[in-house]
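To start, the structure itself, in structure tokens.
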């Protein structure tokens, strides 16, 4: 199989694997008499582990020439940890299993970016990343539909089987990619024999600006969907979980379309992919992410009906769909020739993850004491702050020295 197509299908099947049980973990643990405090503690510890090891793993991915083996190991580790957790649903074992899933999941994102860049090169990187994202969102929607149907008839155990099968197909398509097709120098962004120091790469102004922007984006975005689902229950809209599933499917479907639209835009002659300089195209796309997030929060605050829910999730798909495509491409171009692209990508993603972790506390606190309206307004204000930061930083990004 053409490695471009193998990469796309690998992203399709890996979408369900990388998070393990994902949102179904809490349901499974409650069935085995876990307390809310225990579930919360597991979630906190695994999230902290992922944050602590994200950058070291990114550095390791830049160094290693065994990227296929690393991805295969992560897939197997997630599948085995998830299946073992089914048979041993005890606190200590669950904590270890979920820590394994979290560490492998945080490793897979930069590993996939490196694998893609090493195969297609910078000139075709934006197109392939867009295609990968479209397939990934399609895989997420597909697995959500499977999980919804099979879990209804066969119970939560069906989720474990689906995850294992998706892992098997992921390994199959990974095996179709020849190791000889991966250029490991290109995969880490090195051109020739020159590179810069790791500290120089991670402290680059453009990387820090992008990281701060992603911090604001995820601080605003991460808790909007949980708030939407939580508000549905007291309104009497739904309590079966179908409402939450519908919100996810709407967003994922939108992300598929947005990823393909981005592919068309970024593969035009003016694309950044062939020039180590900042482009208004990328600036506008990132700004659109924040604008969509601001409008999303405003609609969610004012409209509690079905139309409001659909609109907010379409806007979620626009923002998350664009960032999923342009983030790895922007980092690749910002650090072209540095030799530390994946470490920098992990750094930016870590800052975004910190924002996502704080989003629940910010949104939840305001929703509890002041109501959902003000929670959404506050999250929208964070997105507005991120937009201002991005606009103010444009001149810095435009004049910043690009490596290579």
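Residue numbers (UniProt numbering): 1 to 404. Using N, Cα and C, we set each Cβ at its ideal position, and we do this for glycine too. Just so it is clear, the structure is predicted and the values come from calculations on it, not from any experiment.
Close-in-space but distant-in-sequence residues of the same chain around residue i (CB under 8 Å, 5 per side omitted)
i, result
"residue 240", "Unreliable placement is indicated for residue 240, whose pLDDT of 44 sits below 50; the coordinate value is still reported in the next sentence. So the list is empty, once near-sequence residues are dropped."
"residue 200", "338"
"residue 145", "249"
"residue 252", "137, 138, 140, 141, 144, 317"
"residue 156", "24, 27, 28, 31"
"residue 210", "327, 330, 331, 334, 348"
"residue 198", "59, 340, 343"
Anticipated Cβ contact below 8 Å, residue i with residue j, distance rounded
i, j, result
"residue 110", "residue 52", "That pair is no contact at about 15 Å."
"residue 390", "residue 286", "6 Å"
"residue 376", "residue 311", "That pair is no contact at about 13 Å."
"residue 126", "residue 267", "6 Å"
"residue 331", "residue 348", "6 Å"
"residue 135", "residue 9", "7 Å"
CB contact flag (residue i, residue j, <7 Å)
i, j, result
"residue 147", "residue 162", "yes"
"residue 114", "residue 185", "no"
"residue 94", "residue 7", "no"
"residue 137", "residue 255", "yes"
"residue 321", "residue 359", "no"
"residue 344", "residue 55", "no"
"residue 325", "residue 133", "yes"
"residue 72", "residue 85", "no"
"residue 49", "residue 74", "no"
"residue 227", "residue 319", "no"
Proximal residues to residue i (C-beta, below 6 Å), its chain only, five neighbours per side dropped
i, result
"residue 355", "215, 218, 219"
"residue 274", "Residue placement at residue 274 cannot be trusted, given a pLDDT of 41 that sits under 50; what the coordinates show is reported in the next sentence. Excluding residues within five positions, the ones whose Cβ falls inside 6 Å are 123."
"residue 386", "213, 216, 217, 290"
"residue 187", "114, 117, 118"
"residue 297", "376, 379, 380"
"residue 101", "20, 78, 81"
"residue 270", "Note that residue 270 has pLDDT 47, beneath the 50 cutoff, so the model's placement of it is unreliable and the number below is only indicative. If we look at residue 270 and ignore the five residues flanking it on each side, it has no Cβ neighbours."
"residue 46", "98, 99, 102"
Continuous alpha helix (DSSP H) stretch holding residue i: start and end
i, result
"residue 221", "205-221"
"residue 296", "280-302"
"residue 316", "306-334"
"residue 82", "67-87"
"residue 99", "91-120"
"residue 369", "341-370"
"residue 157", "157-175"
"residue 12", "3-14"
Chain-order list of residues whose beta-carbon lies under 7 Å from that of residue i (same chain, five-residue window excluded)
i, result
"residue 13", "139, 166, 169, 170, 173"
"residue 128", "4, 7, 116, 120"
"residue 403", "The predicted position of residue 403 is uncertain, since its pLDDT is 43 and thus under 50; a value taken from the coordinates is nonetheless stated next. Cβ neighbours of residue 403 beyond the five flanking positions: 196, 335, 336, 337, 338."
"residue 183", "118"
"residue 342", "58, 61, 62, 110, 113, 114, 188"
"residue 38", "91"
Check: residue i C-beta below 6 Å from any heavy atom of the ligand ATP
i, result
"residue 168", "The model on display carries no ligand, and the ligand ATP is accordingly not part of it."
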